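With my numbering, the residue at position 61 of the sequence shown is 77, and numbering never jumps.
Quick reminder that beta carbons are idealized off the backbone N, C-alpha and C, glycines included.
None of these values were measured; they are calculated from a predicted model.
What follows is a single structure, written as structure tokens, with notes after it.
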Amino acid sequence: MSESKIYFYPLWLRIWHSVNALCIIVLIITGFLMHYGIHGKFINFYLIVRFHNYTGVILALNYLVFFSGNIVFGNKKFYRLKIKGWLQRIIRQSEYYAFGMFKGQQPPFPLNEKRKFNPLQKFSYFFSMYLILPLVIISGIALLYPEIIVEEVYDVSGVFLTALFHAGLGFIILMFLIVHVYAASIGKNPIQNFKSIINGWHELSH
Ligand code: HEM
Ligand code: HEM
């Protein structure tokens, strides 16, 4: 059985992933409460803002672990996008998720030492880790220091626009998270991939 396992997630990556997941869940909940101004006897608005800000700083520092760890330990090679034929690969993988999987077909892009992510995973991980997360961090830091934000854009407050942009990105991350957790439940069995991101070993499903 041992040859059907690959050590995909080294310890540093697992620690990064847990801290990241925890921070994002806290940021989504506190961000939601702030956005809708939900407060009362048991929910102190200023405490929520402080909690959001501290968690945001932890998320930003943790992002540096991901970014530099990926370079130092070579994990970045799994994120390299190949432009040629990307759409066909995404379509083939989507067809598998939508139909093939339910008919018991084999995955079109089986994972191995060289291919850690299927094309949809690669695209969504690249997009969220190298575009959305940096933007949410930059806009969050700007909101922490509003004096660095331009005062007005066509008569609309720059802080307001930044907050809107920031909250919109937060919404995209929430969408990513829902799809990510669902997709992670597709594996050898529904809990296998969750075990893998804790113990590091990916079990091949075929
Ligand atoms: C997934 C990550 C995050 C989500 C979902 C999120 C979500 C939100 C939301 C919904 C708001 C309210 C905006 C509004 O409608 O007015 C907000 C505000 C804010 N966020 Fe985030 N955020 C995230 C990450 C961060 C990070 C990384 C930082 C800092 C480095 C940060 C700092 C702030 C600050 C300073 C505010 C304004 C608080 C205030 O009103 O004083 N956020 N965030
Ligand atoms: C409740 C929260 C979460 C759970 C249960 C979870 C689960 C998992 C699982 C099972 C994997 C293994 C690979 C797979 O099956 O796709 C994984 C990998 C990954 N997750 Fe999450 N995840 C969570 C939150 C997040 C968040 C918030 C992000 C980013 C915004 C994220 C980004 C990633 C990335 C980039 C990988 C691949 C890491 C690598 O091998 O380089 N995850 N996650």
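Hey, out of the options, whose CA is closest to residue i's CA?
i, options, result
"Arg30", "Phe82, Ile22, Tyr70", "Phe82"
"His63", "Tyr146, Val42, Leu147, Lys92", "The sequence given here has Leu at residue 63, not His. Measuring from the Cα of Leu63, the nearest candidate turns out to be Val42."
"Ile40", "Tyr70, Trp28, Trp102", "Tyr70"
"Lys21", "Leu27, Val73, Lys132", "Lys132"
"Trp28", "Val88, Lys130, Phe67", "Val88"
"Gly47", "Met145, Lys57, Ser144, Ala179", "Ala179"
"Gly72", "Val197, Leu151, Ile188", "Leu151"
"Ser155", "Pro135, Gly184, Glu129", "Gly184"
"His51", "Lys57, His68, Ala37", "His68"
"Phe143", "Glu111, Lys100, Met191, Glu168", "Met191"
"Asn78", "Ile107, Val197, Ala37, Gln104", "Ala37"
Using only the alpha-carbon positions, how far apart do residue i and residue j sit?
i, j, result
"Ser173", "His182", "14 Å"
"Tyr113", "Gln121", "10 Å"
"Lys138", "Asn205", "21 Å"
"Leu127", "Gly90", "18 Å"
"Glu219", "Ser212", "8 Å"
"His33", "His55", "30 Å"
"Asn215", "Asp171", "53 Å"
"Tyr141", "Tyr95", "8 Å"
"Ala158", "Asn86", "26 Å"
"Val35", "Leu75", "8 Å"
"Leu149", "Phe118", "33 Å"
"Phe115", "Phe125", "15 Å"
"Gln109", "Pro162", "43 Å"
"Ser18", "Phe176", "Any reading at Ser18 must be qualified, since the residue scores a pLDDT of 46, below 50, and its modelled position is unreliable; the value itself is stated next. Roughly 55 Å separates the two Cα atoms."
"Tyr25", "Leu160", "33 Å"
"Trp217", "Val166", "48 Å"
"Lys93", "Asn134", "14 Å"
"Gln208", "Phe58", "38 Å"
"Phe210", "Glu168", "46 Å"
"Leu103", "Phe61", "45 Å"
Output the boundary residues of the beta strand (DSSP E) element that contains residue i.
i, result
"Tyr23", "21-23"
"Glu219", "217-219"
Over the uninterrupted alpha helix (DSSP H) stretch that includes residue i, give me the two end residues.
i, result
"His182", "174-200"
"Leu147", "That residue, Leu147, is in no alpha helix (DSSP H); it is neither H nor E in DSSP."
"Ile107", "102-114"
"Leu27", "27-51"
"Tyr161", "Element bounds for Tyr161: n/a, residue is neither H nor E."
"Asn86", "61-88"
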